[in-house]
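To start, the structure under review is shown below, and the notes come after it.
Residue numbers (the UniProt record's numbering): 1 to 260.
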């Protein structure tokens with residue numbers, strides 16, 4: 001309760017003990033129950049109530065119960081918003097993802113031993129997740145997560161190289177320039193983005209659209225990695241299920257890493 005918090009410096013030692021019960025959102029008790037729990041007199045609780053401006057303890061506990069109810073309702077609303085956010089992301093992915101593109105990207109991964117993943121910021125973390133999976137089935141994966149390195153790597157790529165560009169917004173100019181260079185050098189380019197009008201699409205051999213996070217209720221509450229990770233899951237599942245040997249190799253590395 002803000003009222004109790006604002007008056008903390010005015011309380012006696014006994015009143016501080018009582019105040020702490022409410023500040024810690026302790027259970028709602030009758031005056032006799034609270035007296036026994038805190039080992040203070042009922043008279044002290046009554047004086048504490050009066051100091052807060054209430055006529056008696058019943059008024060105090062009524063207001064306290066209302067605050068607890070509001071807090072509980074706010075938590076429910078917050079949880080529902082989060083769940084609705086996740087459900088809407090999944091719905092967007094289902095609507096936007098082109099399964100044929102997923103299959104084509106899996107084919108490119110099959111035919112390229114070395115893969116370069118371009119991803120700035122949180123997108124680079126998604127790239128690291130993909131690297132962890134692909135390395136375990138025999139691929140060499142380099143994650144490039146800063147603009148300068150991206151430009152440098154793009155300049156030395158050749159026709160037998162594959163670039164996976166990860167950008168949720170799809171508007172980063174430094175990535176765009178790096179992809180232009182990689183494409184000019186003959187590298188195959190795959191783009192995963194949440195932006196239908198990303199200028200990088202023009203230079204991609206294949207691209208997959210995922211959900212975006214433009215909804216104002218989700219800002220700061222849902223990780224920007226989630227829409228990208230869903231698509232990464234789909235691509236990797238399509239890739240690994242093509243070859244029984246890949247599944248066995250994955251299981252072998254699972255044992256080596258986690259069963260020591």
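Just so it is clear, CB atoms sit at the ideal spot from N, CA and C, and this is done for glycine as well.
Cβ neighbour criterion (16 or more within 10 Å) applied to residue 43 | Here residue 43 is exposed: its Cβ has fewer than 16 other Cβ atoms, across all protein chains shown, within 10 Å.
For residue 218, which residues from the same chain have a beta carbon less than 6 Å from its beta carbon, with the 5 sequence-adjacent residues on both sides left out?
-> With a pLDDT of only 44 at residue 218, under the threshold of 50, the placement of this residue in the model should not be trusted; the figure read from the coordinates follows. 85, listed in sequence order.
Quickly, what does DSSP pair residue 208 with across the bridge? List them, please.
-> 192
Which partner residues of residue 124 appear in the DSSP bridge assignment?
-> None, per the DSSP bridge assignment.
Indicate the three-state DSSP secondary structure (helix, strand or coil) for residue 85 in the structure shown.
-> helix
Buried or exposed: which applies to residue 191, given that a residue is buried once 16 or more other Cβ atoms fall within 10 Å of its Cβ?
-> buried
Compare the C-alpha of residue 29 against each of 155, 202, 65 and name the closest.
-> 65
Rounded distance between the beta-carbons of residue 209 and residue 193, thought under 8 Å = With a Cβ gap of about 7 Å, residue 193 and residue 209 count as contacting.
CA-to-CA distance, residue 68 to residue 77, given in whole angstroms = Reliability fails at residue 77, whose pLDDT of 47 lies under 50, so the model's placement of it is uncertain and no value is given.
Where residue 157 sits in the DSSP three-state scheme | coil
Mapping DSSP to helix, strand and coil, what is residue 229?
-> helix
Identify which residue in 45, 169, 189, 59 has its Cα closest to the Cα of residue 114.
-> 189
Can you find at least 3 beta carbon pairs, one from the stretch 88-104 and one from the stretch 149-157, that sit closer than 8 Å?
-> no
Burial state of residue 23, where buried means 16 or more other Cβ atoms lie within 10 Å | exposed
Measure the Cβ-Cβ separation of residue 93 and residue 211 and say whether it is below 7 Å.
-> yes
Indicate whether residue 118 and residue 144 have their beta-carbon atoms separated by less than 7 Å.
-> yes
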